[in-house]
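Residue numbers (our numbering), protein chains in the order written: chain A, 489 to 755; chain B, 5 to 407.
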Ligand SMILES: Cc1ncc(COP(=O)(O)O)c(C=O)c1O
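Here is the structure:
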């Protein structure tokens, strides 16, 4: 089994270049604008897209993504908007995954969810609060539909945990750069490199680093030791500040371009 | 048979009660949850720990709490014999202190210096602030902004005790959102901080730990009722928010098949109106706050806001052990509306001279219902989980009393 995301990582590895992954919740600020934002991200140089399923109780997220999710839910965003935006993103040529807390997936039906992700061309799903002990159902449905299962590991993960969780992962391993919630930080924590080094000693799957990356310089720093750089809050913040009209979209594209240049210069 | 040792219906090692429970949390918290589970197991096996906790309960909490027979109240409950387990007389005014002292000792054992807590009615926050003062710990309490208003007295108490109270302005601004904020704090500060969760919900091992520390209510009450009446009660009743006072009094009776275990949920304006917090009566299985249980949610898996006149019951989830006991048919859960609860509240004030918490009033309203169903030969044991000082403003507003 090889998903578009797997292929992207293989290709980028051969070029010795990390990939840039951009995050956006479905339906934010509206579904129509979300589609334009995704396009601006990709036009600017984002390589892969992470569509967020806006959830009422996002305990992994800081204020920026919380506010975005709340707004999306108020606009009526739900599972249909997630699949719809996923399809848009895939059609624009970017390998795409969905990031969702477990509650909505379980409510929708694990089997149905996996089938719909596959049907809409998604490569897989990031599950930030699904522990591998609770994963039996998801494992079998994702395998049946040839989807990547992306789990998050953290600096606090023990070596034993790291080796168990990374064995469950496919596509890439999501390394949380620090202990905390999503949101921009002034600097990349030293924990990030340490964690990636620890992951490398138990797994040779691609590793992408998320949480706190928002600038070109941080992207460059992370790209020097990781296979992927994940940026979410920084894009959302632009929309919160400048909207998603001409000005906002231009800023989104500029940020994507600058992050991408940062990654390029890390080669 | 040693009642203190009965552990049937226990969870498996991963914290599953049948299909419920478990852990649905960011990987960042796993190490802390494992550490906590280990600390609890070690402490449970250590006689020194039990000695220390028993001594605290004797000299600080005021345990054992007494049983009061409510003879005048009984006239309104079909003449059934009504026995009140007086957790309202505990230091800080509710059952919450039982769990808090236990977890504070575990915090000390884990070498952590900071505790965080969520609170709805403020009773768990006050108990946590109290334990923090007693043990010299830093304490931050997250409380929904809406609850800081309806339980203003408890906010002041927490501050007097030296705790920092953080009003939470996200979402419904109640208990659910306070738990979200506490989890975010914990993910960030887990190395130095213990999350002192106040009810039998959340990821494993919380439902088991909190139950183990609340079982003392049922262990004492079972003995006291046997001494007083010579037999087991026909039914044991408790209000259910997250479910800690209920599981605390139910658990030691689980093996006593003749004893009905009845949880009273917050029916708000009526389950049929959608404005309620009756999670088992009006919800469905799902995942919330790290555990699988009954949840109030919509078709997209979004948590639906709960509604109750009682801040402590205003929660759209419930502990996984209750979900399991419900499905097994070992315990029953019924909704009690705001109006039913306030009627029972007033009745206990005037018939017994006891002002209960509005949370507790739901259990009392249940006793009126069950007493009338079972008649005068029945004996009902009710967990009087807390006192109503904190609710004087809400009650005065409800009854239109000028203050
Ligand atoms: C007096 C009292 N009873 C009951 C509750 C509900 O919690 P639980 O269901 O965990 O006992 C509270 C919560 O604040 C409370 O203060």
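We put the CB at the ideal spot given by N, CA and C, even for glycine.
Span of the beta strand (DSSP E) holding residue 337/B? Your numbering for residue 337/B matches position 333 in the second chain. Residues 335–341.
Can you give the beta carbon distance from residue 215/B to residue 325/B, rounded, assuming they're within the 8 Å contact cut? By 1-based counting over the second chain, the position of residue 215/B is 211. By 1-based counting over the second chain, the position of residue 325/B is 321. About 7 Å; that satisfies the 8 Å criterion.
At a CB distance below 7 Å, what residues from the stretch 525–538 of chain A approach chain B? Give them in sequence order. none
Can you grab the Cα-Cα spacing for the pair residue 715/A / residue 694/A, in whole Å? For this step, residue 715/A is matched to residue 227 along the first chain. For this step, residue 694/A is matched to residue 206 along the first chain. Their backbone Cα atoms lie some 6 Å apart in a straight line.
Interface partners of residue 720/A on chain B, CB under 8 Å: Position 232 of the first chain, counting from 1, holds the residue named residue 720/A. The contacting residues do not exist; residue 720/A stays about 15 Å from chain B at best.
Using a Cβ cut-off of 9 Å, pull out every chain B residue sitting near residue 596/A, in sequence order please. Taking the first residue of the first chain as 1, we reach residue 596/A at position 108. Chain B residues near residue 596/A: 303, 304 and 305.
Measure the C-alpha to C-alpha separation of residue 1/B and residue 279/B and round it to an integer number of angstroms. Residue 1/B is absent from the structure shown; chain B starts at 5 and stops at 407.
Enumerate in chain order the residues of its own chain whose CB-to-CB distance from residue 348/B is below 7 Å, with the five nearest sequence positions on each side excluded. Position 344 of the second chain, counting from 1, holds the residue named residue 348/B. Cβ neighbours of residue 348/B beyond the five flanking positions: 365, 368, 369 and 372.
Check each candidate in 389/B, 126/B, 102/B and 133/B and name the one with the smallest Cα separation from residue 268/B. Residue 268/B sits at position 264 when you count from the first residue of the second chain. Minimum Cα distance to residue 268/B is reached at 389/B.
Would you list the residues sitting across from residue 612/A in a DSSP beta bridge? Counting from one through the first chain, the residue named residue 612/A turns up at place 124. Paired residues: 585/A and 636/A.
Buried or exposed (CB count within 10 angstroms, at least 16 for buried), residue 8/B: On the second chain, residue 8/B is found 4 positions in, with the first residue counted as 1. For residue 8/B, the predicted structure reports a pLDDT of 45, less than 50, and the residue's modelled location is therefore unreliable. A value from the coordinates is still provided. Residue 8/B comes out exposed.
Can you tell me where the alpha helix (DSSP H) with residue 59/B in it begins and where it stops? As a position in the second chain, residue 59/B is number 55, starting the count at 1. 51–60 is the extent of the alpha helix (DSSP H) around residue 59/B.
Looking at residue 234/B: is its Cβ nearer than 7 Å to the Cβ of residue 181/B? Position 230 of the second chain, counting from 1, holds the residue named residue 234/B. Position 177 of the second chain, counting from 1, holds the residue named residue 181/B. No, the pair does not count as a contact, with Cβ atoms beyond the cut-off.
Among the candidates 90/B, 45/B and 96/B, whose CA atom is the shortest distance from the CA of residue 64/B? For this step, residue 64/B is matched to residue 60 along the second chain. The shortest Cα separation from residue 64/B among 90/B, 45/B and 96/B belongs to 96/B.
Output the boundary residues of the alpha helix (DSSP H) element that contains residue 408/B. Because chain B is modelled from 5 through 407, residue 408/B falls outside the range shown and cannot be assessed.
Proximal chain B residues relative to residue 667/A, where beta-carbon distance stays under 9 Å: For the purposes of this step, residue 667/A is taken as residue 179 along the first chain, with counting starting at 1. The contacting residues are 32, 191, 192, 193, 194 and 195.
For residue 19/B, is the classification buried or exposed, using 16 other Cβ atoms within 10 angstroms of its Cβ as the cut-off for buried? Mapped onto the second chain, residue 19/B falls at position 15. Burial call: buried.
Can a CB atom of chain B be found closer than 7 Å to the CB of residue 628/A? Residue mapping note: residue 628/A aligns to position 140 of the first chain, counting from 1. So, not an interface residue.
Over the uninterrupted beta strand (DSSP E) stretch that includes residue 598/A, give me the two end residues. Here residue 598/A is taken as the residue at index 110 of the first chain, counted from 1. Looking at the DSSP string, residue 598/A is not in any beta strand (DSSP E); the run it does join, the alpha helix (DSSP H), is 598–607.
Ligand 1 heavy atoms versus the CB of residue 327/B: any closer than 6 Å? As a position in the second chain, residue 327/B is number 323, starting the count at 1. It does not: the Cβ of residue 327/B is nowhere closer than 6 Å to a heavy atom of ligand 1.
What are the start and end residues of each continuous beta strand (DSSP E) run of 3 or more residues lying completely inside the stretch 256–293 of chain B, in chain order? 264–272 and 288–292
Closer than 6 Å: residue 249/B CB and nearest ligand 1 heavy atom: Within the second chain, numbered from 1, the residue matching residue 249/B stands at position 245. Result yes, Cβ under 6 Å from ligand 1.
Can you tell me which of 401/B, 179/B, 22/B and 238/B puts its alpha carbon nearest to the alpha carbon of residue 150/B? Residue mapping note: residue 150/B aligns to position 146 of the second chain, counting from 1. Nearest of 401/B, 179/B, 22/B and 238/B to residue 150/B, Cα basis: 179/B.
Should residue 128/B be labelled buried (16 or more other beta-carbon atoms within 10 Å of its own) or exposed? On the second chain, residue 128/B is found 124 positions in, with the first residue counted as 1. The residue is buried, with at least 16 neighbouring Cβ atoms inside 10 Å.
Heavy atom of ligand 1 within 6 Å of residue 367/B beta-carbon: As a working mapping, residue 367/B is identified with position 363 in the second chain. Residue 367/B: no, Cβ never under 6 Å from ligand 1.
Could you compute how far the alpha carbon of residue 28/B sits from the alpha carbon of residue 290/B? Here residue 28/B refers to the residue found at position 24 when the second chain is read from its first residue. Here residue 290/B refers to the residue found at position 286 when the second chain is read from its first residue. Their Cα atoms are separated by approximately 11 Å.
Is residue 513/A close to chain B? Criterion is C-beta to C-beta, closer than 7 Å. In the first chain, the residue the question calls residue 513/A occupies position 25. Residue 513/A does not count as touching chain B.
Evaluate residue 617/A with the Cβ neighbour count: other Cβ atoms within 10 Å of its Cβ, from every protein chain shown; 16 or more gives buried, anything less gives exposed. Here residue 617/A corresponds to residue number 129 of the first chain, with the count starting at 1. Answer is buried; the Cβ neighbour count reaches 16.
Uninterrupted alpha helix (DSSP H) stretches inside the stretch 658–696 of chain A (no shorter than 4 residues): 678–688
How would you label residue 551/A, buried or exposed, when you count the other beta carbons within 10 angstroms and need 16 or more for buried? The residue you call residue 551/A lines up with position 63 of the first chain. Flag for residue 551/A reads exposed.
Span of the alpha helix (DSSP H), counted from its first residue to its last, around residue 396/B: What you label residue 396/B is simply residue 392 of the second chain in a count that begins at 1. Counting along the chain, the alpha helix (DSSP H) containing residue 396/B begins and ends at 396–403.
What does the alpha-carbon distance come out to for the pair residue 303/B and residue 569/A? Locating residue 303/B in the second chain gives position 299, where the first residue counts as 1. Locating residue 569/A in the first chain gives position 81, where the first residue counts as 1. The alpha-carbon atoms of residue 303/B and residue 569/A are separated by roughly 14 Å.
Restricting to Cα atoms, I'd like to know which of 31/B, 35/B and 82/B is closest to residue 380/B. Here residue 380/B corresponds to residue number 376 of the second chain, with the count starting at 1. Closest option to residue 380/B, Cα to Cα, is 82/B.
Residue 180/B versus chain A: which residues are under 9 Å apart at the beta carbon? Working through the second chain from its first residue, we reach residue 180/B at position 176. By Cβ distance, chain A contributes 544 and 545.
Please report the straight-line C-alpha distance between residue 80/B and residue 274/B, rounded to a whole angstrom. For the purposes of this step, residue 80/B is taken as the residue at position 76 of the second chain. For the purposes of this step, residue 274/B is taken as the residue at position 270 of the second chain. When rounded, the distance between both Cα atoms is 22 Å.
Drop a sphere of 10 angstroms on the beta-carbon of residue 241/B, count the other beta-carbons inside from all chains shown, and report buried for 16 or more, exposed for fewer. Indexing the second chain from 1 puts residue 241/B at position 237. Looking at its Cβ environment, which holds 16 or more other Cβ atoms inside 10 Å, residue 241/B is buried.
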